[in-house]
Amino acid sequence: MSAAADAVTDALRELRSRFAGVRDGALADYIPQLAVADPEAFGLALISMDGHRYSTGEADVPFTMQSVSKPFVYALALSVLGVDEVSRWVNAEPSGEAFNAISLEPGTGRPDNAMVNAGAIVTTALIPDAADAPRFDRILDCLGRFAGRQLDVDEAVYASEVATGDRNRALAYLIRSAGPLPVDPVGAVETYFRQCSVRVTALDLAAMAATLANGGVNPLNGDVVVDEPVAAQVLAVMATCGMYDGSGDWLLRVGLPAKSGVSGGLIAAGPARFGLAAYSPLLDPSGTSVRGRIALGALSERLGLHLMHNPALAASTVTLVTTADDLPSAPTGEQERALRERVAVVAAQGAIDFTAAERVLYALDESRPDETASVVLDLRQVTGIDTVARAMLRSGLARLTEGGRRTAVVDPAGHLGVRGGDPAAPRRFSSREEAVDRSARDAERPTT
Ligand code: GLN
1448 MSAAADAVTD
1458 ALRELRSRFA
1468 GVRDGALADY
1478 IPQLAVADPE
1488 AFGLALISMD
1498 GHRYSTGEAD
1508 VPFTMQSVSK
1518 PFVYALALSV
1528 LGVDEVSRWV
1538 NAEPSGEAFN
1548 AISLEPGTGR
1558 PDNAMVNAGA
1568 IVTTALIPDA
1578 ADAPRFDRIL
1588 DCLGRFAGRQ
1598 LDVDEAVYAS
1608 EVATGDRNRA
1618 LAYLIRSAGP
1628 LPVDPVGAVE
1638 TYFRQCSVRV
1648 TALDLAAMAA
1658 TLANGGVNPL
1668 NGDVVVDEPV
1678 AAQVLAVMAT
1688 CGMYDGSGDW
1698 LLRVGLPAKS
1708 GVSGGLIAAG
1718 PARFGLAAYS
1728 PLLDPSGTSV
1738 RGRIALGALS
1748 ERLGLHLMHN
1758 PALAASTVTL
1768 VTTADDLPSA
1778 PTGEQERALR
1788 ERVAVVAAQG
1798 AIDFTAAERV
1808 LYALDESRPD
1818 ETASVVLDLR
1828 QVTGIDTVAR
1838 AMLRSGLARL
1848 TEGGRRTAVV
1858 DPAGHLGVRG
1868 GDPAAPRRFS
1878 SREEAVDRSA
1888 RDAERPTT
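First residue of the sequence shown: 1448, per our numbering; consecutive thereafter.
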C-alpha cells in the first residue's frame, strides 16, 4: 500500500471507528423492505479526481439509492432539455420542508426543487420515453455511467415501494391537477420508484459524486457522462437543497454539495477534489444517515473542505518582475545594459485563471520602466490558461501595444494561442534570452 493510500484510508478508518458507536436514529420503515437492513453497517468511501479509490467498513455492501438517485436523474434531464426548459417545470429553490412534503408553487403547481420527491417525480417524467429508448433504460444507463459500472434493480425493494407508495402517487396526481406539465407524472411515478430501487455500494456512490466533482467526467474511466455546466448546475442544487430541511445548516457547517437517501446512503462532492460517500442505515428524523452526516461533517472540517473557506493560493502566479538588465544573463557592456534597462520582464507560473490573469496584467502594468519600454511576458512555467484568462491576457497585451509598447511572449507551448501574421499580436519566442535580445535591439529603433 502506498503512503497516500495509507494516509487517506487511515483518515476514513479513524472516522469510522470514532463514530461506529453512535446508535442514534432508526431504520426507515415506511418502505418495509428497507427495515431489513443491518443497522450496524457503516461504510465510507472516497474517490479522487485521478480515480484513486479509498474505503473502509461496509463500502462494498449493496443497498438501494433512494433519493441519492435524484441529482443524477436531474443531471440527465438537464442534459437532454437544458436548464431553462427543466426549470419551467421544476424550480431550484430550497423548500425548507421534508422530502415528501405536499408542497407546490401556488398558481403553477411547480415543485420547489428536484431534490424533494415532488420535484424528483416531475424530473423523472421529463426524461423522454421512446419505444427504442424506454425512460427507465435511459435512467439506469445514466446512473451506471456515473458509477462506472452496470447497475441493477433490487426487485424486492421496488415491490415494497410500489406497495406502499401512495403518498408519492398522491403527489403525482396533485402535480398533474395543478400544472400545465407536458408529461404525465402519474405514469412516471413507477419509474421513480424503480430509480430509487437501483442497487449501489458506497464505493459506487463515491464514484458518482466524484464524477459530478470532476465536471461530469467519470474519473475511473474517463467517460464524459454529462457536460461540465450540467455537473456544476447539479452541484449547485445539491448545495442548496440536497439535505431537505437541513440544507441550510449543512451548508453552514459542512459546506459541501450533498445528497442523502432513506436507505442510509449519503454523498458529498468536493468540486475538483473528490467524491465522498457514506452508508449507514440509521436515519435522523429528516431521513439522513446519522453516522453518515457526522462522519462527512467531521471529514470536511478536518480536511478544510468547506466551499466558502478560501485558502490563500498555494503558489504565487507572478514569479518575476524586473528589467532585463537585472537578469543574471545580462551582458556587462554599458550600452547593452542601457538598452536592456528599457525591457521589462514578467514571468508567470502555474495554472492561469481569471484571478491569476489579473495578477499578471497588474504586474505588466507595474513593470514599465517608462511609457515606451518593451515588455516580455515569460510563460514557460505556465501549465495552462483557461479561456477567460487567455482572452484577458491577449487583450491586455494588445492594449499595451496600442499604447506604444512593444510586447513579446515567451510561450513555447503556445498557451496564449497567438497566431503568426497578426500584427496586433505580441511576438512569440521560445526562449527568454531570444525575446529579451530582440526587444533590447528593437529598443534602439523608435516605435511607429
Ligand atoms: N423512495 C423514497 C420515497 O420516495 C425516497 C425518499 C428518500 O430517500 N428521501 O419516499
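The beta carbon of each residue, even a glycine, is placed where N, CA and C say it ideally should be.
On a predicted model such as this, the values are computed, not experimentally measured, just so you know.
| Item | Value |
| --- | --- |
| Check: residue 1514 C-beta below 7 Å from any heavy atom of the ligand GLN | yes |
| Alpha helix (DSSP H) segment containing residue 1694, residue limits | 1694–1700 |
| Residue 1739 (DSSP reduced to helix, strand or coil) | helix |
| Cut-off 6 Å between Cβ atoms - residues of its own chain near residue 1827, not counting five sequence neighbours on either side | 1857 |
| Nearest-angstrom Cα separation, counted from residue 1479 out to residue 1637 | 17 Å |
| Residues of its chain near residue 1486, where Cβ-Cβ distance is below 7 Å and the 5 sequence neighbours each way are ignored | 1474, 1728 and 1729 |
| Alpha helix (DSSP H) segment containing residue 1622, residue limits | 1613–1625 |
| Neighbourhood of residue 1814 by C-beta distance below 7 Å, restricted to the same chain and skipping five residues each side | 1768, 1791, 1793 and 1822 |
| The ligand GLN heavy atom lying under 7 Å from the CB of residue 1546 | yes |
| 8 Å contact criterion, which residue 1726 and residue 1490 should meet: CB distance rounded | 4 Å |
| Residue 1608 Cβ short of 7 Å to the ligand GLN heavy atom set | yes |
| heavy atom of the ligand GLN below 7 Å from residue 1520 C-beta | no |
| Euclidean distance between Cα positions of residue 1817 and residue 1801 | 27 Å |
| Integer Cβ distance of residue 1643 from residue 1796, believed to fall under 8 Å | Contact doesn't hold; Cβ gap of about 48 Å is too wide. |
| Length of the line joining the Cα atoms of residue 1895 and residue 1888 | With a pLDDT of only 49 at residue 1895, under 50, the local geometry of the prediction cannot be trusted, and the value read off the model is given with reservation. So the alpha carbons of these two residues sit roughly 15 Å apart. |
| Secondary structure of residue 1895, DSSP reduced to three states | Low confidence applies here, because residue 1895 scores a pLDDT of 49, under 50, leaving its location unreliable and the question unanswered by this model. |
| Residue range of the beta strand (DSSP E) that includes residue 1730 | Per DSSP, residue 1730 belongs to no beta strand (DSSP E) and is neither H nor E. |
| Environment of residue 1632 [buried if 16+ CB atoms lie within 10 Å] | buried |
| Reduced DSSP secondary structure (H/G/I, E/B, other) of residue 1658 | helix |
| Assumed close pair residue 1681, residue 1573 - CB separation to whole angstroms, cut-off 8 Å | No, residue 1681 and residue 1573 are not in contact; Cβ-Cβ is about 14 Å, not under 8 Å. |
| Residue range of the unbroken beta strand (DSSP E) whose run includes residue 1876 | 1874–1876 |
| With 16 other Cβ atoms within 10 Å as the buried cut-off, status of residue 1873 | buried |
| Collapsed DSSP secondary structure at residue 1648 in the structure displayed | coil |
| Sequence-distant residues of the same chain with beta carbon closer than 7 Å to residue 1564, five excluded per side | 1546, 1547, 1615 and 1618 |
| Collapsed DSSP secondary structure at residue 1426 in the structure displayed | No answer is possible for residue 1426: the residues shown for the chain start at 1448 and end at 1895. |
| Straight-line Cα distance separating residue 1673 from residue 1585 | 13 Å |
| 7 Å Cβ shell around residue 1630 - same chain, five flanking residues per side excluded | 1572 and 1573 |
| Touching by the beta-carbon criterion (3+ pairs, under 8 Å), the stretch 1528–1547 and the stretch 1589–1606 | no |
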